[in-house]
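Just so you know, we're using UniProt numbering here: the sequence shown kicks off at 1 and counts up by one.
All C-beta atoms, glycine included, are put in the ideal place defined by N, C-alpha and C.
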Amino acid sequence: MRESCLRPSGTADTSSLTPAAPLPVPAPPPGIITQDDFITPEHEQELIQIFESLDWPDRPGRRSLHWGYTFSYKTFGIDEDTPYKPFPAWLVPLLPTGEGRPPDQVCLQYYPPGTGIPPHVDTHSAFDQLYALSLGAPVFMVFREGTGPKVDVDLAPRSMMQMKDDARLHWTHGIKARRTDTLPDGTKRLREPRWSITYRWLRPGATCECGDTRVCDTAQARVGIEREYRWKTDLVEEDDAQDLGPQAQP
Numbered sequence: 001m002r003e004s005c006l007r008p009s010g011t012a013d014t015s016s017l018t019p020a021a022p023l024p025v026p027a028p029p030p031g032i033i034t035q036d037d038f039i040t041p042e043h044e045q046e047l048i049q050i051f052e053s054l055d056w057p058d059r060p061g062r063r064s065l066h067w068g069y070t071f072s073y074k075t076f077g078i079d080e081d082t083p084y085k086p087f088p089a090w091l092v093p094l095l096p097t098g099e100g101r102p103p104d105q106v107c108l109q110y111y112p113p114g115t116g117i118p119p120h121v122d123t124h125s126a127f128d129q130l131y132a133l134s135l136g137a138p139v140f141m142v143f144r145e146g147t148g149p150k151v152d153v154d155l156a157p158r159s160m161m162q163m164k165d166d167a168r169l170h171w172t173h174g175i176k177a178r179r180t181d182t183l184p185d186g187t188k189r190l191r192e193p194r195w196s197i198t199y200r201w202l203r204p205g206a207t208c209e210c211g212d213t214r215v216c217d218t219a220q221a222r223v224g225i226e227r228e229y230r231w232k233t234d235l236v237e238e239d240d241a242q243d244l245g246p247q248a249q250p
């Protein structure tokens, strides 16, 4: 469903926003809510200028910066050894308001053209709802439940996406590492620089009751299954193997 309930908070001027009328998003996956034009094109360009001035890790491929609690790429939860980092002023107006409280962890990622992220499900025990704001170029995010059919969701620039329910817990999501995306009419769309801001809320009690032993670490632990982290599992298909190269490492 497309809704306008995710509009930005803070003191930023959002008077020029024209909220999209509610429209259905092709389902599956259930649990995806998007709002187009979460910010204006002018605000987007200002943010990209800020992003380009930040101190990014010096390595090729997808790069990440963190605020609030730092995401751990070893445990795929919170890095408890890294101090909490307050949100910068430019980020505060971009925080989603749908959860009634600020997110606990925010990750800004830069995707150079051609890069992607392997299919995965964010750790159930660590995190509750997920939101993502897309900036720069559009890209297809691929969703899949188990071995079922893949569903492409076209992430438009300036759109905010919420993942909840089945889409959050039972469907993998990822971005294929490739230079072009094929549109429904067969047109090839060239990949260009893209940024995304991912917002995470910690799950109360750090346990999940979904019971899905295929993807839920809480359910796996209860039945004695050794946890396999997301790009080490059979969720990563052979045709996604290119995503596992250096450009796609966390």
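Enumerate in chain order the residues of its own chain whose CB-to-CB distance from residue i is below 6 Å, with the five nearest sequence positions on each side excluded.
i	result
P29	F143, V151, A167 and W171
F51	W195
E192	P113 and A137
C216	H124, C208 and C210
W90	I50
K85	W67
E145	H170 and W171
Can you list, in chain order, the residues of its chain with a C-beta nearer than 7 Å to that of residue i? Leave out the 5 residues immediately preceding and following it.
i	result
G186	none
D165	P30 and G31
T213	A219, Q220, V223 and I225
T180	K188, R189, L190 and R191
Per DSSP, what kind of secondary structure is residue i in: helix, strand or coil?
i	result
F127	strand
D36	coil
I48	helix
D122	coil
R203	coil
R222	helix
D217	helix
L155	strand
For residue i, write down the residues that DSSP places opposite it in a beta bridge.
i	result
R144	T172
L107	This sequence places Cys at residue 107; Leu is not what is there. C107 is bridged to H66 and T198.
G136	R194
F71	I78
Q162	I33 and Y131
residue 263	Outside the shown range of the chain, which is 1 to 250, sits residue 263, and nothing can be said about it.
K188	T182
K85	G68
Is residue i buried or exposed, if buried means 16 or more other CB atoms sit within 10 Å of its CB?
i	result
A27	In this predicted model, A27 has a pLDDT of only 46, less than 50, meaning its place in the structure is not dependable; the value taken from the coordinates is given anyway. Exposed, because fewer than 16 other Cβ atoms sit within 10 Å of the Cβ of A27.
S196	buried
E80	exposed
T182	exposed
T198	buried
Q45	exposed
K188	exposed
T70	buried
R101	exposed
L54	exposed
residue 255	Since the first residue of the chain shown is 1 and the last is 250, residue 255 is not available in this structure.
R200	buried
In its own chain, which residues sit with a C-beta less than 8 Å from the C-beta of residue i, not counting the 5 before and 5 after it?
i	result
R203	H124, S125, A126, F127 and D128
G174	G116, I117, P118, P119, H120, M141, V142, D240 and D243
G163	Residue identity differs from the one stated: residue 163 is Met in this sequence, not Gly. So the qualifying residues of the chain are G31, I32, Q129, L130, Y131, A132 and H173.
R63	W56, P57, Q109 and Y110
I48	L135, G136 and W195
R178	G114, G116, R191 and Q242
Could you confirm whether any beta carbon from chain B is found closer than 8 Å to the beta carbon of residue i?
i	result
I78	The chain inventory of the structure shown lacks chain B, comprising one protein chain alone.
Below 8 Å on the Cβ atoms is my guess for residue i versus residue j; work out the distance and round it to an integer in Å.
i	j	result
F87	W56	Their Cβ separation, rounded to whole angstroms, is 18 Å, which puts F87 and W56 out of contact at 8 Å.
T34	M161	5 Å
Measuring from the CB of residue i, is there a heavy atom of the ligand GDP at a distance below 7 Å?
i	result
E192	In terms of ligand content, the structure shown is empty, and the ligand GDP therefore cannot be addressed.
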